[in-house]
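In the working numbering, the protein residues as written are 7 to 134.
Everything below concerns the one structure shown next.
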Ligand code: FES
């Protein structure tokens, strides 16, 4: 088993497509995917996925802790609207630093964190 954190980038029916984001070119999504893969290379297990479920939050990225951090209690972090270089680079920087449970989450990701299945009003209670 790899000792690295994991990055899962949704590329299902909505994430990475013009279906939810008609204002963004497919090439934009592809460039961000390449940017994230390159930024995380050697520091995270990286994969794309079919639809993860919360399409309204596309583009969705899930950052999972390395196994040791998970055993210590860290949990996967779901990120919504990862649609620009700032968010993409913050994800890459986080996993280069060790990811969830091993390094603080970059503040640039704060507005992207969500809990799938919870309404926004419930997320505040869940996080607090
Ligand atoms: S396509 Fe990404 S959550 Fe559905």
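The C-beta atom is built at its ideal place from N, Cα and C for all residues, glycine as well.
Under the DSSP definition of a beta bridge, which residues are partnered with residue i?
i, result
"residue 100", "None, per the DSSP bridge assignment."
"residue 14", "53 and 68"
"residue 83", "69"
"residue 119", "85"
Report buried or exposed for residue i, applying the criterion of at least 16 other Cβ atoms within 10 angstroms of its Cβ.
i, result
"residue 106", "buried"
"residue 24", "exposed"
"residue 33", "exposed"
"residue 17", "buried"
"residue 141", "With the chain covering only 7 through 134, there is no way to say anything about residue 141."
Quick check: residue i and residue j, are their CB atoms within less than 8 Å of each other?
i, j, result
"residue 83", "residue 53", "no"
"residue 13", "residue 67", "yes"
"residue 51", "residue 10", "yes"
"residue 89", "residue 100", "no"
"residue 92", "residue 42", "no"
"residue 26", "residue 57", "no"
Just the Cα atoms here: how many angstroms apart are residue i and residue j?
i, j, result
"residue 75", "residue 28", "38 Å"
"residue 134", "residue 21", "Since pLDDT at residue 134 reaches only 43, below the 50 mark, its modelled position is unreliable, and no value is offered."
"residue 45", "residue 104", "13 Å"
"residue 48", "residue 64", "26 Å"
"residue 122", "residue 69", "13 Å"
"residue 1", "residue 55", "Here the chain comprises residues numbered 7 to 134, so residue 1 is not present and cannot be evaluated."
### Message
Taking 6 Å as the limit, name every residue whose beta carbon sits nearer than that to some heavy atom of the ligand FES, in sequence order.
### Response
With 6 Å as the limit, the residues whose C-beta approaches any heavy atom of the ligand FES more closely are 16, 18, 19, 20, 21, 57, 58, 59, 60, 61, 64 and 66, in sequence along the chain.
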